[in-house]
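Trainee: Chains as they are written, first to last, in my numbering: chain C, 1 to 358; chain Z, 359 to 716. Every residue, glycine too, gets a C-beta built ideally from N, C-alpha and C. Questions regarding the structure given below will be posed in turn.
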């Protein structure tokens with residue numbers, strides 16, 4: 001069992017990483033202050049893990065919401081279904097929500113917790129690699145809008161995060177790879193030795209070796225926790241975590257949410273950011289190849305969809321949250337292990353990157 | 359022009375009270391940090407004041423959303439219409455929303471601002487007495503759910519509040535009275551001399567005497583700002599501001615939102631709290647009569663709807679946010695000018711109060 005803490009003063013919380021964390025209720029039950037609990041999960045995850053969680057909550061009022069599975073349901077309309085159950089079952093503002101599932105469930109449950117009676121507690125039990133290393137940590141919650149991803153939401157920190165490695169046993173390979181996109185991202189933006197470790201240990205990770213996964217998840221959460229502690233509301237350094245995401249969000253939106261997995265779009269977007277950084281002369285051709293190789297080794301796409309042209313990207317990126325005063329700020333690489341956020345680049349470099357993306 | 363400040367450290371903000379505050383843009387334009395502005399108002403208010411506000415915003419990108427008028431539209435669905443326009447018009451996360459209208463517009467706009475891209479700036483221009491003395495100050499935002507009022511929302515402070523007395527010139531008498539219910543509440547919970555002043559000046563207030571209104575609004579905002587500064591997220595003393603609201607929300611929900619004005623329901627609820635306080639021997643029969651007289655003088659109801667019985671109240675109050683661990687905590691009066699929040703009362707006193715409410 002590995003434990004780390006997200007240091008946010010009175011909103012600090014622990015992350016537990018290991019096998020069968022769910023069954024170690026003595027670790028996490030102290031973070032539920034209420035008699036009432038609502039577990040939010042989806043139709044894929046419920047048959048696998050819902051009973052394991054409920055078994056730990058004997059003596060409490062435990063209600064559940066089982067959402068349909070998929071990014072297409074990450075909408076205000078489905079968050080409202082969580083409110084319906086909270087109110088029908090009489091949950092008051094001391095209640096605790098538990099998000100049991102991947103990033104979609106976590107983001108929606110977190111936003112429901114942020115908004116129900118103007119804010120109640122919630123706990124994250126992420127069941128995908130992507131949500132264990134990224135979305136369950138840091139308090140970003142929200143839903144999509146037809147015109148933009150994650151455009152509606154709140155910053156609302158969980159009381160605890162349980163990264164139970166047993167939930168990865170059933171994860172489809174494609175989703176394991178998608179999670180590795182965010183793990184690789186941490187190496188690229190801030191930690192060159194971790195990137196090297198990932199290159200060396202990619203076979204073990206793909207074989208779901210417990211020690212390798214535990215290390216990768218713990219190190220990813222450590223990096224994210226450190227960045228979030230410095231900049232909870234993304235005024236500065238936290239934006240670096242969005243490497244590949246501006247391009248990636250455009251891909252997801254263009255393809256229709258859910259067609260590409262978030263991690264897949266981030267991988268292709270990361271390659272676009274790397275190619276643009278190389279065009280600017282910031283990273284070498286060898287660095288670019290290394291970036292491509294580690295993404296390919298993880299089973300990830302390194303090109304945008306063939307049917308997306310420059311205009312498609314520009315139109316989708318114009319509503320990106322990183323657009324400041326009409327200038328598109330991007331996260332680019334100064335080196336492998338060193339990302340920067342900048343609007344200071346020749347627009348031709350962006351244009352060429354978009355044109356050559358597929 | 360009277361000015362006061364809500365002291366919340368980096369989230370502190372000014373409240374300007376006076377005639378033609380809207381036209382004194384040098385006061386409030388500094389609180390708009392963006393080139394983009396979205397004005398949210400309703401179909402009643404737009405023809406009266408929208409152009410006055412827009413005239414102050416020359417040189418900015420100014421968009422608008424005109425909602426239908428009424429508490430019945432205070433829903434997630436209509437907040438989503440605000441998101442639609444923000445995204446269609448390309449508003450980024452430096453944008454500023456302006457709420458131009460009464461409490462419904464303010465609450466919805468505030469929640470939209472809290473949730474759009476996880477939080478953007480907003481300014482309140484309340485156009486009813488009720489919103490000028492209460493809902494525009496303190497950062498409570500949200501929408502209703504069919505099973506409970508204000509059940510979905512956020513704490514999100516405005517950057518400035520403009521209480522322009524000229525907007526009260528067109529306010530229907532019934533709404534002026536509804537606003538006075540909250541003004542009287544401040545006297546009852548915390549400020550006996552202000553209650554006395556209200557008793558003495560009720561005719562001037564009903565005649566919309568500028569000096570009287572300005573004083574009443576300023577003093578109400580001062581009290582609210584002081585309470586909010588002590589307890590922004592309603593962990594303690596802020597709950598006192600809900601005198602009459604637990605009963606009042608039940609009345610509003612039972613009658614269907616909008617049938618009774620919020621202030622009318624609060625007035626009837628305040629009388630129920632006063633009657634229960636008298637039953638408990640905390641206030642005298644003379645105090646009870648004084649409470650009733652000042653509410654009547656303001657043109658307010660002092661009884662619940664005749665068709666509401668004890669069961670109707672209990673069912674509606676069971677989902678009230680003040681229900682703690684199954685125990686219904688109420689705001690009651692220890693004296694005129696001194697409210698307390700308590701769950702320590704014989705249940706028979708509540709039961710009798712509900713049974714005799716109409």
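1. By DSSP's criteria, residue 484 of chain Z is part of a beta bridge. Which residues make up the other side?
2. Going along the chain, which residues of its own chain have a beta-carbon closer than 8 angstroms to the beta-carbon of residue 156 of chain C, five neighbours each way excluded?
3. Counting only C-beta atoms, is residue 114 of chain C closer than 9 angstroms to chain Z at any point?
4. Between the alpha carbons of residue 282 of chain C and residue 345 of chain C, how many angstroms are there, rounded?
5. With a Cβ-Cβ cutoff of 9 angstroms, do residue 699 of chain Z and residue 546 of chain Z count as a contact?
6. State the Cα-Cα distance for the pair residue 648 of chain Z and residue 589 of chain Z, rounded to the nearest angstrom.
7. Check each residue of the segment 70-90 of chain C: if its Cβ is closer than 9 angstroms to any Cβ of chain Z, include it; give the result in chain order.
8. Taking all protein chains shown into account, decide if residue 606 of chain Z is buried (16 or more other Cβ within 10 angstroms of its Cβ) or exposed.
9. Using only the alpha-carbon positions, how far apart do residue 617 of chain Z and residue 12 of chain C sit?
10. Kindly indicate which three-state DSSP category residue 70 of chain C falls into: helix, strand or coil?
11. To test your reading of the DSSP string, which unbroken alpha helix (DSSP H) runs of 4 or more residues are found completely within the segment 218-277 of chain C?
12. Quick one: does residue 254 of chain C have its CB under 9 angstroms from some CB of chain Z?
13. How about the segment 122-134 of chain C and the segment 219-239 of chain C: do they share at least three Cβ pairs that are nearer than 8 angstroms?
14. Return helix, strand or coil for residue 522 of chain Z, following the three-state DSSP convention.
15. Between residue 477 of chain Z and chain C, is the shortest Cβ-Cβ distance under 9 angstroms, so that the two count as touching?
16. Straight-line CA distance for residue 190 of chain C to residue 330 of chain C?
17. Give a yes or no on whether the minimum CB-CB distance between residue 141 of chain C and chain Z is below 9 angstroms.
18. What residues from the segment 150-172 of chain C come within 7 angstroms of chain Z, judged by C-beta to C-beta, listed N to C?
19. Less than 9 angstroms between the beta carbons of residue 383 of chain Z and residue 458 of chain Z, yes or no?
20. Just to make sure I have the definition right: I need the residues of chain C whose C-beta is within less than 7 angstroms of the C-beta of residue 503 of chain Z. Which are they?
21. For the 8 angstroms Cβ check, are there 3 or more pairs between the segment 258-276 of chain C and the segment 165-182 of chain C?
22. Per DSSP, what kind of secondary structure is residue 338 of chain C in: helix, strand or coil?
23. Going by DSSP, which residues form a beta bridge with residue 186 of chain C?
24. With C-beta atoms as the reference, is residue 455 of chain Z less than 9 angstroms away from residue 474 of chain Z?
25. Under 8 angstroms Cβ-Cβ, which residues of chain C neighbour residue 506 of chain Z?
26. Measuring straight from C-alpha to C-alpha, what distance separates residue 596 of chain Z and residue 261 of chain C?
27. Might you give, ordered along the chain, the residues of its own chain that have their beta carbon closer than 8 angstroms to the beta carbon of residue 528 of chain Z, omitting 5 neighbours on each side?
28. Whose CA, out of Z/363, Z/608 and Z/544, lies closest to the CA of residue 717 of chain Z?
29. Kindly indicate if chain C contains any beta-carbon less than 9 angstroms away from that of residue 591 of chain Z.
30. Would you check if the distance between the CB atom of residue 609 of chain Z and the CB atom of residue 662 of chain Z is smaller than 9 angstroms?
31. Below 8 angstroms on the Cβ atoms is my guess for residue 501 of chain Z versus residue 439 of chain Z; work out the distance and round it to an integer in Å.
32. Alpha carbon to alpha carbon, how far is residue 276 of chain C from residue 349 of chain C? Give it in angstroms, no decimals.
33. Could you tell me which of Z/666, Z/550, Z/611 and Z/614 sits nearest to residue 691 of chain Z, measuring between CA atoms?
34. Sort C/174, C/253, C/168 and C/94 by Cα distance to residue 592 of chain Z and report the nearest one.
35. Tell me which same chain residues have a C-beta within less than 6 angstroms of the C-beta of residue 671 of chain Z, skipping the five on either side of it?
Mentor: On the basis of the coordinates in this document:
1. Z/459
2. 110, 111, 113, 114, 119, 122, 139 and 141
3. yes
4. 11 angstroms
5. no
6. 30 angstroms
7. 76, 77, 79, 80, 83, 84, 86, 87, 88 and 90
8. buried
9. 44 angstroms
10. coil
11. 245-255
12. no
13. yes
14. strand
15. yes
16. 16 angstroms
17. yes
18. 151, 152, 153, 154 and 155
19. no
20. 83 and 87
21. yes
22. strand
23. Answer by DSSP bridge pairing: none, since residue 186 of chain C is not bridged.
24. yes
25. 87
26. 45 angstroms
27. 406
28. Here chain Z comprises residues numbered 359 to 716, so residue 717 of chain Z is not present and cannot be evaluated.
29. yes
30. yes
31. Between residue 439 of chain Z and residue 501 of chain Z the Cβ distance is about 12 angstroms, and since that is not below 8 angstroms, they are no contact.
32. 6 angstroms
33. Z/550
34. C/94
35. 608 and 712
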